[in-house]
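Single-structure report; data block below.
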Amino acid sequence: MTAPRTLSEALYAQLESDLVMLAALDPHSRGYAFERFLTTSFDAFGLAPRGAFRNTGEQIDGSFVLHNETYLVEAKWQNDRTDAADLRAFAGKVRDKATWSRGVFISNSGFTDVGMEAFGRGQPVICVEGLDLYETLQRRIDLADMIARKVRRAVETGRPLARVRELYP
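Note that the working numbering numbers the sequence shown so that position 25 is 155, with each residue one more than the last.
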C-alpha cells in the first residue's frame with residue numbers, strides 16, 4: 131500500500147532527509163532530536179502524537195494513536211543494537227499501565243538476534259528498526275499502515291519484529 135495522497139512528495143523527502151541528518155548530531159542531542167523526529171512523523175501521518183512525558187519514576191518517550199489504540203513509544207538511537215534487557219524494561223513500563231496497553235520500541239540500530247530470541251513471543255510491544263523507518267519513507271509507504279502491518283504480524287505470529295522488507299516485498 132502506498133501513502134495517502136494527502137502526504138506530499140516534498141514532505142516524504144523532508145522526513146527522509148531529517149532522518150538521515152540525525153546521524154550527524156552528537157549523541158546527546160541526537161536522542162532528543164530522534165524523539166522530536168518521531169513526533170513530527172507521527173503527526174504527519176495523522177497519528178495524534180504526544181511528545182515525551184514523565185510519570186512518577188519513569189520517562190516515556192511519547193505516544194500515538196492508531197486505529198483508536200494508544201501506543202507508548204520507546205526511542206533509542208545508540209551505536210549498539212538493542213538487547214533483551216532494554217526490551218524487557220520497556221515491556222515492563224507498558225505492562226504497568228492499563229491491561230490493554232501496547233508499545234512500540236523504535237531502535238535506530240536495530241535489535242540483536244539473541245535479544246529478540248530472549249525477549250520472546252507474546253509481548254505487548256512491537257519493534258521498529260531504523261532501517262524500517264528509512265525504507266518506509268524512501269519507498270513512500272504510509273507510516274500508519276506500516277505499523278498496522280507490524281501489529282497484525284505480531285498478533286498472528288507472536289513475534290515482535292517484522293521488517294518492512296518482509297511486510298512489503
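From the three backbone atoms N, C-alpha and C, an ideal C-beta is built for every residue, glycine too.
Note that the coordinates shown come from a computational prediction; the quantities given were computed from them, not determined experimentally.
- Collapsing the DSSP output to three states places K227 in coil.
- Boundaries of the alpha helix (DSSP H) around G161: 157-174.
- Segment contact: the stretch 156-165 against the stretch 224-231, fewer than three CB-CB distances shorter than 8 angstroms; contact not assigned.
- The straight-line gap separating the alpha-carbon atoms of Y142 and L267 is approximately 6 angstroms.
- When only Cα atoms are considered, G176 and H197 end up about 11 angstroms apart.
- Annotation for G260: N238 place their beta carbon closer than 6 angstroms to its own, counting only its chain and skipping 5 residues before and after.
- About 18 angstroms separates the Cβ atoms of G187 and V203, ruling out a contact at the 8 angstroms cut-off.
- Within the same chain, and ignoring the five residues on either side of Q253 in sequence, the residues whose Cβ sits closer than 7 angstroms to its Cβ are A221, P290.
- DSSP, read as helix, strand or coil, puts T186 in coil.
- Comparing C-alpha distances from V224 to each of G240, I190, F241, A174 shows the shortest one belongs to I190.
- In the structure shown, A214 adopts helical secondary structure according to DSSP, grouped into three states.
- Looking at the DSSP output, R232 bridges to Y201.
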